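Q:
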Amino acid sequence: MSTRDGLPAPSPQDHLEKAHHNENWAEFLFRMKPGGELEPAFDWSATMAYYAAIQFFLYFIRKETPEITWGLKSDRISTLADFLSKFDYQGSKHSAYIEIISSNYHTAAGSWRLLFNTAHSARYNTQKVSQKKAELSLNKLKVVKERFCSVN
Numbered sequence: 009m010s011t012r013d014g015l016p017a018p019s020p021q022d023h024l025e026k027a028h029h030n031e032n033w034a035e036f037l038f039r040m041k042p043g044g045e046l047e048p049a050f051d052w053s054a055t056m057a058y059y060a061a062i063q064f065f066l067y068f069i070r071k072e073t074p075e076i077t078w079g080l081k082s083d084r085i086s087t088l089a090d091f092l093s094k095f096d097y098q099g100s101k102h103s104a105y106i107e108i109i110s111s112n113y114h115t116a117a118g119s120w121r122l123l124f125n126t127a128h129s130a131r132y133n134t135q136k137v138s139q140k141k142a143e144l145s146l147n148k149l150k151v152v153k154e155r156f157c158s159v160n
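Just so we're aligned, residue 9 is where the sequence shown starts under the working numbering, counting upward by one.
1) If we count the other Cβ atoms within 10 Å of its Cβ and call it buried at 16 or more, is P16 buried or exposed?
2) Looking at A57: is its Cβ nearer than 7 Å to the Cβ of A27?
3) Any idea if V152 is buried or exposed, counting beta-carbon neighbours within 10 angstroms, 16 or more meaning buried?
4) Would the segment 116-129 and the segment 139-152 be scored as touching if the rule is three or more Cβ pairs under 8 Å?
5) Rounded to a whole number of angstroms, what is the C-alpha to C-alpha distance between H128 and K101?
6) Report yes if the C-beta distance between R155 and T126 is below 7 Å; otherwise report no.
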């Protein structure tokens, strides 16, 4: 299996390693102390938490090849590209994650939406991410991680 640009598709382990890398950065950016060389970066912490969640989910689908239901159709997927093509999905990749998880993984759906909304707001709005919201994002990442990594 290869990507659109001809590179080998990431393995489940590749996704898991990237998820842990992003999770570690999310925690590091959250823990920086005010007044230090660098200020806390709650916006980037929340963003990294969301991208860690994506990698935990991609790890899960590459490892498990789950059957996904969306609308009236069901099929197995092992990549997001599988979902986009098999279900003729026309929305963005981020909205595809929301659709898949909301339709198939109810225990993670609310956490996923909060992670996405906080990261999206941090990147595209001028609204600051509070320490409380960043901490909530890290907690919601734990819910997503538990759902998609407890299959080992």
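Note that the Cβ used here is the ideal one computed from N, Cα and C, for glycine as well.
Quick caveat: nothing in here was measured; it's all calculated off a predicted structure.
A: In terms of the structure at hand:
1) For this step, residue 16 is matched to residue 8 along the sequence shown. P16 should be labelled exposed.
2) The residue you call residue 57 lines up with position 49 of the sequence shown. The residue you call residue 27 lines up with position 19 of the sequence shown. For the 7 Å CB-CB criterion, A57 and A27 do not form a contact.
3) Translated into the one-based positions of the sequence shown, residue 152 becomes position 144. So V152 ends up on the buried side.
4) At 8 Å Cβ cutoff, the stretches touch.
5) Within the sequence shown, residue 128 is the residue found at index 120, counting from 1. Within the sequence shown, residue 101 is the residue found at index 93, counting from 1. Between H128 and K101, the C-alpha separation is close to 13 Å.
6) Working through the sequence shown from its first residue, we reach residue 155 at position 147. Working through the sequence shown from its first residue, we reach residue 126 at position 118. At a Cβ-Cβ threshold of 7 Å, R155 and T126 do not count as neighbours.
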